[in-house]
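Colleague: Questions regarding the structure given below will be posed in turn.
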Amino acid sequence: MSRGYLLGLDGGSSSTKAVIFDLQGTVVGIGREDSRLEHPKAHWVERDMTAAWSSAAQAIRAALTNAELNGGDIVAVGVTGHGDGLYPLDREGRPLGHAITSLDSRAAGIVERWCREGVREEALARIGQMPFAFSPVTLLAWMQQYQPERFAALGHVLTCKDWLRFKLTGELSTDFTEASTGYTDVNTQRYSREALTMLGIESVFEALPDVRLSDEIAGRVCEAAARATGLTAGTPVATGLHDVTASAVGLGNIASDTLTIAAGTFSINEVFSDAPKPDPRWATRNGLRAGQWLNMAISPASSSNLEWFHRQWGQPGDGGTGAFLADMEAALDAAFRSSSRLVYHPFLYGSPYDEPASAGLFGLQGWHDRGHVLRAILEGVVFNHRVHVDALASTFNIDRVRITGGGSHSPRLAQLFADSLGRPLETSRIHEAAAWGAAICAGVAAEVFPSIESAARLCEVGHRYLPDQERQAECQQGFKRYQRLVEGMRSLWTMLDAEATSSNSSATSSESMPQPGATR
Numbered sequence: 376m377s378r379g380y381l382l383g384l385d386g387g388s389s390s391t392k393a394v395i396f397d398l399q400g401t402v403v404g405i406g407r408e409d410s411r412l413e414h415p416k417a418h419w420v421e422r423d424m425t426a427a428w429s430s431a432a433q434a435i436r437a438a439l440t441n442a443e444l445n446g447g448d449i450v451a452v453g454v455t456g457h458g459d460g461l462y463p464l465d466r467e468g469r470p471l472g473h474a475i476t477s478l479d480s481r482a483a484g485i486v487e488r489w490c491r492e493g494v495r496e497e498a499l500a501r502i503g504q505m506p507f508a509f510s511p512v513t514l515l516a517w518m519q520q521y522q523p524e525r526f527a528a529l530g531h532v533l534t535c536k537d538w539l540r541f542k543l544t545g546e547l548s549t550d551f552t553e554a555s556t557g558y559t560d561v562n563t564q565r566y567s568r569e570a571l572t573m574l575g576i577e578s579v580f581e582a583l584p585d586v587r588l589s590d591e592i593a594g595r596v597c598e599a600a601a602r603a604t605g606l607t608a609g610t611p612v613a614t615g616l617h618d619v620t621a622s623a624v625g626l627g628n629i630a631s632d633t634l635t636i637a638a639g640t641f642s643i644n645e646v647f648s649d650a651p652k653p654d655p656r657w658a659t660r661n662g663l664r665a666g667q668w669l670n671m672a673i674s675p676a677s678s679s680n681l682e683w684f685h686r687q688w689g690q691p692g693d694g695g696t697g698a699f700l701a702d703m704e705a706a707l708d709a710a711f712r713s714s715s716r717l718v719y720h721p722f723l724y725g726s727p728y729d730e731p732a733s734a735g736l737f738g739l740q741g742w743h744d745r746g747h748v749l750r751a752i753l754e755g756v757v758f759n760h761r762v763h764v765d766a767l768a769s770t771f772n773i774d775r776v777r778i779t780g781g782g783s784h785s786p787r788l789a790q791l792f793a794d795s796l797g798r799p800l801e802t803s804r805i806h807e808a809a810a811w812g813a814a815i816c817a818g819v820a821a822e823v824f825p826s827i828e829s830a831a832r833l834c835e836v837g838h839r840y841l842p843d844q845e846r847q848a849e850c851q852q853g854f855k856r857y858q859r860l861v862e863g864m865r866s867l868w869t870m871l872d873a874e875a876t877s878s879n880s881s882a883t884s885s886e887s888m889p890q891p892g893a894t895r
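Under this note's numbering, think of the first position of the sequence shown as 376, with each following residue one higher.
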């Protein structure tokens, strides 16, 4: 098939995007709707599931309009979305309260208990990862303890992309990648009742959805979804995949010697392997097929810090975070030419450390301005990525590094990554890597492409950044300062968290403590 278009639907933490591609991977239309997150209590980050679907439907309509296409032009749809968190349904397939997003940390107390009882170490060996506060299994254990009636009413446990695909097709399932968010044995790569028993939530086994490959047809656009989105009823919808994996696919990084960096809401750093290699520093989950694994060193500490900076110092109607940062270029130029030693820890929502870390700006003096602060934030974000990359590089051979997300759109930030990592860094000519990864799965399902591997060859290099020796030495010194301050803060983070927990004890329960921040 040589004509038509593919649609990738990307349900992210900060926004939902529908992206239409031609069959060479060129973007021809985008629709975007901001994710409306709710914070009903400290450390709770929720999402109305009906509103999430409405946003997705609106994004699809907008993409069709922007591309000047109609639903009949779309050959197939692929879906991806933010990982972890919990999108629960009752036995009739209705939302069971709000979704809990992966920025939520209410279940940190469950993780702490599992740490004391040795469960996390046992989990690493059995499921390939230490459950985090935002892991589905942790949130289910929290629900069982603190919302037992809701837990008893569970009919289906889904992820973001599975919920959106369910609304598109009326069919319930998950894919091979997201089945491994704590439910599968790391060696067999299949659902494990024993793993759920170990975590004290064995009854959840009956609520797990059927597992399909990411590039299978999981259903077709139903009549209700067609009316909501403008798509044509009957259009095939692929199962899709976790957005972390989708980013790697969309960059063409599916070989075991390639590292993918996604600088989005989360700091995502990942590499495929042909054997499971569990480690406390990353999560080992299913790859695209049996016999392949994806090793993900992740923390919620990347470009969300830039969005926070924009919220504090931007102006309404200034064009958004990207435009605001572009307007800061002159101030950044001056700041990078200065001898500022400001250090920023980007831990607004979590960190790679066991302690309940918080963000911090160190070394601030009266002569510093917004440019110096923004430089420190950019460096802090990149240094946090480096912590994860260094961990992966200690075990896996990495010959190529590609980046997507904010780092791929800003030449300054991409160069900073290259200088800080001391490695050549490539961007892709194809933007919206996660959506393209989902669209590739749709193309394979609809027999547009013979395989994911063949479609990955379309992902050509956009630009290659080489480390600058002088800047590399400066970044190395900055990284050492950053790391020394991390070590100095670890005991203080615990103290600050204890004081905050004590002062808020009348308003929040102990299970709402901040996430102890291991890598996702």
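Yeah, the Cβ is synthetic: ideal placement off N, Cα and C, and Gly gets one too. None of these values were measured; they are calculated from a predicted model.
1) Pair every Cβ in the region 517-524 with every Cβ in the region 733-744, then say whether three or more of these pairs are closer than 8 angstroms.
2) Below 7 angstroms CB to CB, which residues in the same chain sit around Tyr380 once its five sequence neighbours on both sides are set aside?
3) Using beta-carbon positions only, say whether Ser795 and Phe758 come within less than 8 angstroms of one another.
4) Look up Val450 in the DSSP assignment and say whether it is helix, strand or coil.
5) Straight-line CA distance for Phe509 to Asn772?
6) In chain order, which alpha helix (DSSP H) runs of at least 4 residues are fully inside the region 655-691?
7) Determine which residues share a DSSP beta bridge with Arg859 and list them.
8) Could you tell me the distance, in whole angstroms, from the CA atom of Cys834 to the CA atom of Arg775?
9) From the DSSP output, read off the bridge partner residues of Tyr566.
10) Rounded to a whole number of angstroms, what is the C-alpha to C-alpha distance between Ala809 and Ala658?
11) Please work out which residues of its chain come closer than 7 angstroms, Cβ to Cβ, to Pro470, disregarding the five sequence neighbours upstream and downstream, and give them in chain order.
12) In this structure, how does DSSP classify Lys652 when only helix, strand and coil are distinguished?
13) Please go through the same chain and pick out, in chain order, the residues whose beta-carbon is closer than 6 angstroms to the beta-carbon of Gly609, but skip the five residues on each side of it.
14) Label His572 either buried or exposed according to how many other C-beta atoms from any shown protein chain fall within 10 Å of its C-beta, with 16 as the threshold for buried.
15) Taking the continuous beta strand (DSSP E) assigned at Tyr521, which residues delimit it?
16) Determine the DSSP secondary structure at Arg411, reduced to helix, strand or coil.
17) So within the region 581-620, which uninterrupted alpha helix (DSSP H) runs reach at least 4 residues, ignoring any that extend past its ends?
18) Taking the beta carbon of Pro825 as the centre, do at least 16 other beta carbons fall within 10 Å, making it buried, or is it exposed?
19) Are the region 555-563 and the region 479-490 in contact at 8 angstroms, needing three or more beta carbon pairs?
20) Rounded to whole angstroms, what is the Cα-Cα separation between Gly636 and His473?
21) Considering just the uninterrupted stretch of the beta strand (DSSP E) at Val532, what are its terminal residues?
22) Could you work out which residue in Arg495, Val579, Lys542, Ala570 is closest to Ala528 when comparing CA atoms only?
Modeller: On the basis of the coordinates in this document:
1) no
2) Ile395, Phe396, Asp397, Val403, Leu444, Asp448, Ile449, Val450
3) yes
4) strand
5) 29 angstroms
6) 679-688
7) Per DSSP, none; premise fails for Arg859.
8) 14 angstroms
9) Thr559
10) 19 angstroms
11) Met424, Thr425, Leu464
12) coil
13) Arg595
14) In the sequence on display, residue 572 carries Thr and not His. So Thr572 counts as exposed.
15) Taken as a continuous stretch (DSSP letters only), Tyr521 belongs to no beta strand (DSSP E), being part of the alpha helix (DSSP H) at 511-521.
16) coil
17) 598-604
18) exposed
19) no
20) First, the residue type needs correcting, since residue 636 is Ile and not Gly in the sequence shown. Near 30 angstroms, if we compare the C-alpha coordinates of His473 and Ile636.
21) 531-533
22) Val579
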